[in-house]
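What follows is a single structure, written as structure tokens, with notes after it.
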């Protein structure tokens, strides 16, 4: 702390520079994503360009956030959380959207408040636990559960079960990393399994349909099963080495629905084969591993918990999306990070990585 | 206290760090495990089950389409086109891609003309389709309609404009009763096709040559593999494993110029004419008047237009030359006369007295000659030339109905000639047995008397009369008349002649008997007292003919005709020239005045058109010589 750098330049460099491996891995993911999007979008350069601009904005946000010390982030956490919950309530009252109320229209800006919570929930839990003794006590666990539960219920009510689960998971990761006792974890698992029939009861018809379709896609091959079947055919026909870039017949001939958004991994799997999938998964794994490493290098609780939870949250996107593409998880609208077309998810994820970068940049400082 | 807390916190911090690291590493291990599991799942899809998914992907993308062959062309004997294929544009719909049909039809209605018939037929088709089968909605799209569809194509999934060859008949009505037409294959037609052709075959021959030689004309299916997208649109052709093989081209025996001349000779009149080459049975002209334009039938004639044709009192759809049965009247006399000679009941010189009225010995009823007071004593030649009924009344009685029928059957009366057109009528050659079966009544002698002049129960068809007349002139050979002259596999290959069946030798009389009859028929047209001498006297060639005037045989459908009040049917048969005849014709004019005044001039025009045509330019000299030799001396 007293080791004062010799020059202004060196000081700036040490503080401002983001983690090179993580930055490179993220940039590489973005480049791969844009290439796949070119094929999946029917060679539409405009589409690729628009996505490139969004990723650029996301990277700028990452850069900006990386310069904000975790201590500052921690102070803002509660406010971000509060803002998110208020907006969720506003959506419930005035929101709009196709079939589900998810969007808030603020004149120029239309966005989903639930996206804020994907960051605000782990931030708040980490901030709450920052001053607590870890492993967390049962009382703290209950407090955390309430903090997670309020926005999660509001989001599930929209209804957007996918996002609700992601928000719950992002909070859950913080609690897990904070040392939640194995007894409670085991109890949670048992309780979760026991509540499945109850959840089934409260699920909407379309949600039940998705689960049923997952179990037997052949039951309605032209209806609900179409997505899964065509996705599996695309991936399976890709084989070990793939059909080649821009050569996927399932995707290029429109058999694959949602091929440039949620189902883009099927396009990738068809064109680049198992080898390509392996490479892409290793890339994601490297990002997660590097992020967890950064978390472990941090010196204070808030930074550790936040970075670790965000890293695991990132992986959860990959898991849910890849599970859906390969037909082992139900169809849920979760994009493949930095590859699927769409700005919101990419920007939110990159903002999260901005915080992880911040943890890295400020690793030598104690908050 | 502050320092104690600080110390505790510091210690905690290390423990917490270890705790976090443990948990983080554990989480990383789980992440690695999950990625491993996902990779395992992808390997299951991409490696283990690759072949299966690959096949399903191919099935998605590749469609084997049957290629409809081009229908064979039809030409006349000189290579003039009678039926060809033109490109027209058809609108196909794949219901699975197009979504709800009713809204689609409504939307299409704004772009193209869709009649209620089109809609009904389409909805009917859609009910019994195979999955992803394309259904034909509209034929013959206009260029304007195509342009409108092209503009809106992006919002019409499952709708496709397909170029298809469409049958066209450049000669229109002139050959409708010969060539016939193709029409859309209906459910019944489809059921008769073999599996592969079903659905691909859009049109089949419905009438005429088109139906008769359907098998030859339609050609062989080809197959091609095409790549389609999820909407079913064809994106590219992968390969064409077997090209379609076009149907065989047909050359008919019809001479278009003669056909045109024969049709023109009828003017507005109703009737039929068949001209054949006595040497081989080739049909040179085959006319049923009035006729109709077959082109609207190809892609479905509208109900209104069809009703108009059906309800016309001229009945243009009725093929008089093929299905018309007529009382042959006096045109039957040459054959009855020949029977008399052949059976040894008469010599050419034997005479019969015509008093104007003939009575069967022992009966009261009188049978008339057409000339009041009769013709006096007449031999066979005069009996034919002046069409003397009494001569044949007596001969008929002498022959008896069964012997007469047996003789006439030799010339093909009473059974179809076997012309290569579907639906030929057979006519009626009455016998005792026939009457017993038909009416459960015995035969009366009076019926024999009128049968001998071609009346009563006799019904003949125009081809029968033409073939029988030809057999008189060609030395006694009964040819099966035919319209197919040659076939050709491809336009650049030589045509191979169609092998005709060998003619039947007439088992009745010898050459001298026939010459005696021919002399009488010659006198009809070119003798001093012949009934049709006005027609033959100025002809630059010698020929033989026979007039006939009779009542139209009433068939069930003829009510309207009889109500019109005109009952005479004028008939005429002839062959020319006298020696080595090149053409034999039979003509009927419905509602005609008489054979000599209506039908004979018409037949003369047909014969002129054939013998005096440019192609026969070498012939007139010989013909003139022959006329000079024979002079006018044989008029008696």
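Residue numbers (our numbering), protein chains in the order written: chain S, 487 to 853; chain P, -13 to 622. Ideal placement from N, C-alpha and C gives every residue a C-beta, glycine not left out.
Range covered by the beta strand (DSSP E) that runs through residue i
i: residue 345 (chain P); result: 343 to 345
i: residue 474 (chain P); result: 470 to 474
i: residue 74 (chain P); result: 67 to 79
i: residue 286 (chain P); result: Unbroken run through residue 286 (chain P): none, as it is neither H nor E.
i: residue 191 (chain P); result: 189 to 191
i: residue 561 (chain P); result: 554 to 562
Buried/exposed call for residue i, threshold 16 Cβ in 10 Å
i: residue 460 (chain P); result: buried
i: residue 465 (chain P); result: buried
i: residue 199 (chain P); result: buried
i: residue 428 (chain P); result: exposed
i: residue 505 (chain S); result: buried
i: residue 478 (chain P); result: exposed
i: residue 339 (chain P); result: exposed
i: residue 685 (chain S); result: exposed
i: residue 858 (chain S); result: Outside the displayed range of chain S (487 to 853) lies residue 858 (chain S), so it cannot be described from this structure.
i: residue 358 (chain P); result: exposed
i: residue 139 (chain P); result: exposed
i: residue 855 (chain S); result: Residue 855 (chain S) falls outside the range modelled here, since chain S spans only 487 to 853, and no answer is possible.
i: residue 182 (chain P); result: exposed
i: residue 297 (chain P); result: exposed
i: residue 669 (chain S); result: exposed
i: residue 0 (chain P); result: exposed
i: residue 304 (chain P); result: buried
i: residue 746 (chain S); result: buried
i: residue 488 (chain P); result: exposed
i: residue 546 (chain S); result: exposed
CA-to-CA distance, residue j to residue i, given in whole angstroms
i: residue 722 (chain S); j: residue 769 (chain S); result: 21 Å
i: residue 419 (chain P); j: residue 388 (chain P); result: 9 Å
i: residue 527 (chain S); j: residue 750 (chain S); result: 9 Å
i: residue 569 (chain P); j: residue 257 (chain P); result: 19 Å
i: residue 271 (chain P); j: residue 249 (chain P); result: 9 Å
i: residue 542 (chain P); j: residue 413 (chain P); result: With a pLDDT of 39 at residue 542 (chain P), under the threshold of 50, the predicted position of this residue should be treated as unreliable, though the coordinate-derived value follows. Near 14 Å, if we compare the C-alpha coordinates of residue 413 (chain P) and residue 542 (chain P).
i: residue 424 (chain P); j: residue 445 (chain P); result: 14 Å
i: residue 186 (chain P); j: residue 54 (chain P); result: 6 Å
i: residue 156 (chain P); j: residue 401 (chain P); result: 34 Å
i: residue 100 (chain P); j: residue 131 (chain P); result: 11 Å
i: residue 554 (chain S); j: residue 843 (chain S); result: 10 Å
i: residue 512 (chain S); j: residue 776 (chain S); result: 11 Å
i: residue -10 (chain P); j: residue 787 (chain S); result: Any reading at residue -10 (chain P) must be qualified, since the residue scores a pLDDT of 45, below 50, and its modelled position is unreliable; no value is offered.
i: residue 779 (chain S); j: residue 799 (chain S); result: 15 Å
i: residue 534 (chain P); j: residue 558 (chain P); result: 6 Å
i: residue 551 (chain P); j: residue 580 (chain P); result: Model confidence at residue 551 (chain P) stands at a pLDDT of 47, short of 50, so the residue's coordinates are unreliable; what they give is reported in the following sentence. Going from the Cα of residue 551 (chain P) to the Cα of residue 580 (chain P) covers about 15 Å.
i: residue 374 (chain P); j: residue 555 (chain P); result: 19 Å
Alpha helix (DSSP H) segment containing residue i, residue limits
i: residue 592 (chain P); result: 586 to 597
i: residue 270 (chain P); result: Element bounds for residue 270 (chain P): not the alpha helix (DSSP H) but the beta strand (DSSP E), 269 to 275.
i: residue 534 (chain S); result: 531 to 552
i: residue 375 (chain P); result: 375 to 385
Distance cut-off 7 Å: residue i Cβ against heavy atoms of the ligand FMN
i: residue 500 (chain P); result: By its list of ligands, the structure shown contains no ligand whatsoever, and the ligand FMN lies outside what it can speak to.
Where residue i meets chain B, residues with beta-carbon distance less than 8 Å
i: residue 718 (chain S); result: Structure shown: chain B not included; protein chains present are S and P.
**Message:** Ignoring anything shorter than 3 residues, give me the beta strand (DSSP E) runs that lie fully in the segment 112 to 175 of chain P, in order along the chain.
**Reply:** 121 to 124, 145 to 154, 168 to 170
**Item:** 3-residue-minimum beta strand (DSSP E) runs that sit fully inside the segment 315 to 363 of chain P, ordered along the chain
**Value:** 338 to 340, 343 to 345, 352 to 354
**Message:** Closer than 7 Å between beta carbons: that is the criterion. Which residues of the segment 282 to 316 of chain P meet it against chain S?
**Reply:** none
**Request:** Give, in chain order, every residue of the segment 128 to 142 of chain P whose Cβ lies closer than 7 Å to some Cβ of chain S.
**Result:** Answer set for the segment 128 to 142 of chain P: empty.
**Secondary structure, beta strand (DSSP E): runs of 3+ residues fully inside the segment 658 to 742 of chain S** = none
**Item:** chain S contacts made by the segment -2 to 9 of chain P, where a contact means CB separation under 7 Å
**Value:** Answer in chain order: -2, 2, 5, 6, 7, 9.
**Within 9 Å of chain P by C-beta, residues of the segment 816 to 829 of chain S in sequence order** = none
**Prompt:** Which residues, in chain order, does the segment 758 to 790 of chain S contribute to contact with chain P at a C-beta distance below 7 Å?
**Reply:** 759, 760, 763, 764, 767, 771, 774, 775, 778, 781, 782, 787, 790
**Near-chain P residues of the segment 724 to 739 of chain S - C-beta to any C-beta below 7 Å** = 724, 725, 726, 735, 736, 739
**Asked** Going along the chain, which unbroken runs of the alpha helix (DSSP H) with 4 or more residues stay wholly within the segment 817 to 848 of chain S?
**Response** 829 to 847
**Request:** Select from the segment 231 to 249 of chain P all residues with a C-beta closer than 8 Å to any C-beta belonging to chain S, and list them in chain order.
**Result:** Going along the segment 231 to 249 of chain P in chain order, one finds no residue with a Cβ nearer than 8 Å to chain S.
**Prompt:** Which whole runs of the alpha helix (DSSP H) in the segment 410 to 437 of chain P are 4 residues long or more, in chain order?
**Reply:** 418 to 425, 431 to 437
**Request:** Could you run through the segment 152 to 177 of chain P and flag, in chain order, every residue whose CB is less than 8 Å away from some CB of chain S?
**Result:** none
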